[in-house]
Every structure is written in structure tokens, then in C-alpha cells.
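K.L.:
Take the sequence shown: its letters are residues 370 to 599, numbered as in the working numbering.
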Amino acid sequence: MKYKVVFLDIDNTLLDFDKAEIHAFRKTMEDAGIGYNDNIFKVYNEINDALWQALEVGKTDVATLKVKRFEQLVEVIKVDYLGSELSKLYERNLGEMAFEIEGAYEVCKALSKQCELAIITNGIAAVQKSRIEKTRFRSFIKRLFISEEIGISKPDAGIFEYALSEMNVMDKSKVLMVGDSLLSDIKGSQNAGIDSCFFNPNAIEWKKVDPSIKPTYEIKKLSELIELLS
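1) Mapping DSSP to helix, strand and coil, what is residue 429?
2) On the CB-based measure, 16 or more other CB atoms within 10 Å of its CB, does residue 581 come out buried or exposed?
3) Exposed or buried, which one is residue 470 when buried takes at least 16 other CB atoms within 10 Å?
4) Going by DSSP, what residues sit across from residue 548 in a beta bridge?
5) Can we count residue 492 as close to the ligand HEM, meaning its CB is less than 7 Å from some heavy atom?
6) My parser needs the alpha helix (DSSP H) runs of 4 or more residues fully inside the stretch 454-503; what are they?
7) Going by beta carbon distance, what residues of the same chain come within less than 8 Å of residue 460, once the five residues before and after it are set aside?
8) I need the straight-line Cα distance from residue 560 to residue 389, nearest angstrom please.
9) Which whole-angstrom value describes the C-beta separation of residue 439 and residue 477, a residue pair presumed to lie in contact below a C-beta threshold of 8 Å?
10) Is it the case that the Cβ atoms of residue 545 and residue 375 are separated by a distance below 8 Å?
11) Residue 565 and residue 554: beta carbons closer than 8 Å?
12) Taking the continuous alpha helix (DSSP H) assigned at residue 578, which residues delimit it?
13) Provide the residue span of the alpha helix (DSSP H) that contains residue 509, from first to last.
14) Does the stretch 513-525 come close enough to the stretch 485-492 that 3 or more CB-CB pairs lie under 8 Å?
15) For the stretch 414-422 and the stretch 479-489, state whether three or more C-beta atom pairs, one from each stretch, are separated by less than 8 Å.
16) With DSSP as the reference, identify every bridge partner of residue 601, one or two as the case may be.
17) To the nearest angstrom, report how far apart residue 522 and residue 425 are at their CA atoms.
18) How about residue 370 and residue 550: are their beta carbons less than 8 Å apart?
19) Label residue 451 either buried or exposed according to how many other C-beta atoms from any shown protein chain fall within 10 Å of its C-beta, with 16 as the threshold for buried.
20) Among the residues of its own chain, which have a CB less than 8 Å from the CB of residue 409, if the five just before and after it don't count?
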């Protein structure tokens, strides 16, 4: 096998974040006595997406993001509830949601016999750790590198450089990043000078998103990784 280390993203790569998010948000609204409806979730998503985009370009940090998104939400939907309290409820609920993407267990098990697996994720440390600990594939993952703990977020090359240093990896040609996000996973690995595999189950025409971002490989199913890397 060409690669000795494979970095993996969590959300919508190993775990279904979209499913986890809506389940956690619904429960949070119910726990808070606000009530859930699709319009509230749409408003939250718009606010949340904008803040995560700001994070990726260094205009905010995770500590600010996780509270500010709920502060902005309660202001828009006009409810009397502290954003900081909603944030705590949501983190607790999201940490319980670990829906595995099809093939995640089998791929991690197979690849762990040939290389070292580590996770690089943008996210809230307590939430990501809780979700990963609930998976069947946790034992195959050697290290977790979480942006909130490191203080650097993908696509900044710094988070990759930190992970490489921590794992004592000197030869970048032996490293691969696998993820579903062109703007964080693929661009980030490109910034760091390592190969990338774009997990693209929705057949996104990535050349139209940003022609400067060029994944080394592209797969539509996680199971394709086993044959690709054998």
C-alpha cells in the first residue's frame, strides 16, 4: 500500500452529520420548550452555515460560533431563551448522535490492517469525541485531531502539519486525506501538500465549485477506498 497514514474527516464522511444535526436540533427545541418546525431549522441552518464559512476563513473561532449561532437564532425567531443555554443543550444532544455512513466500519477495519488511521475534523471537541466513542470503528482510529483543541481549522495547512508532527510523519507522499468537503478537506490537504480523496456520494461537479481545488482521487462510496488503496 502506497500510504502509511490515512486522515479521515468525520462529518458526512464517517458519520452522517445531516441526520445527526436534525435529530439533535429537534430534541433541543423540544427540551427548551420552544417547539420544532422546519422554518426554525431552516433559519438555524442559514445562520450556522454562515458562521462555519467564517470559521474556515479565520473570521471567527469555534468557541464564538457555538454560542453565537443560537444567540442569533433566538433573536430572529423572537423567543426568550439564552443562546448560551440552547448551545449547551444542543451540544449534549448532538453528542449522542452517531449514525455511521454505509461502509465506514468495514473501511476502517480493512485499512487499519495496512496503515495508521487518524481523524482530522473541524468541530466542537466534546461533541466529536462523544460521537466517535459511540461508533463501532473507534478502535481502528489511532489519533483524533480536533480544530477546537488545536486552535487551527481546515483548510489551514497548520492543522495538517500539527497532525503530521504529532504522528512523527516526515514523508508527505505517504499520507492521504479522505473527506467530503472540497473547501476544507480537499483544499486543506492541497494546502498542506498531501494527497486527497474526495468522498462525493452526491456527484458534485467539483470543477465548477473551484477549479483550483483538485483532489487526487474521487469516490462515490466509502467501500471504493479499499480497492483504491490496496
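Ideal placement from N, C-alpha and C gives every residue a C-beta, glycine not left out.
P.N.:
Put simply:
1) coil
2) exposed
3) buried
4) 567
5) The ligand HEM is absent from the structure shown, which contains no ligand whatsoever.
6) 473-481, 494-502
7) 435, 493, 495, 496
8) 30 Å
9) With a Cβ gap of about 33 Å, residue 439 and residue 477 do not count as contacting.
10) yes
11) yes
12) 575-578
13) Counting along the chain, residue 509 falls outside any alpha helix (DSSP H), and DSSP gives it neither H nor E.
14) yes
15) no
16) Missing from the structure shown is residue 601; the chain here goes from 370 to 599 and no further.
17) 6 Å
18) no
19) exposed
20) 398, 403, 442, 446
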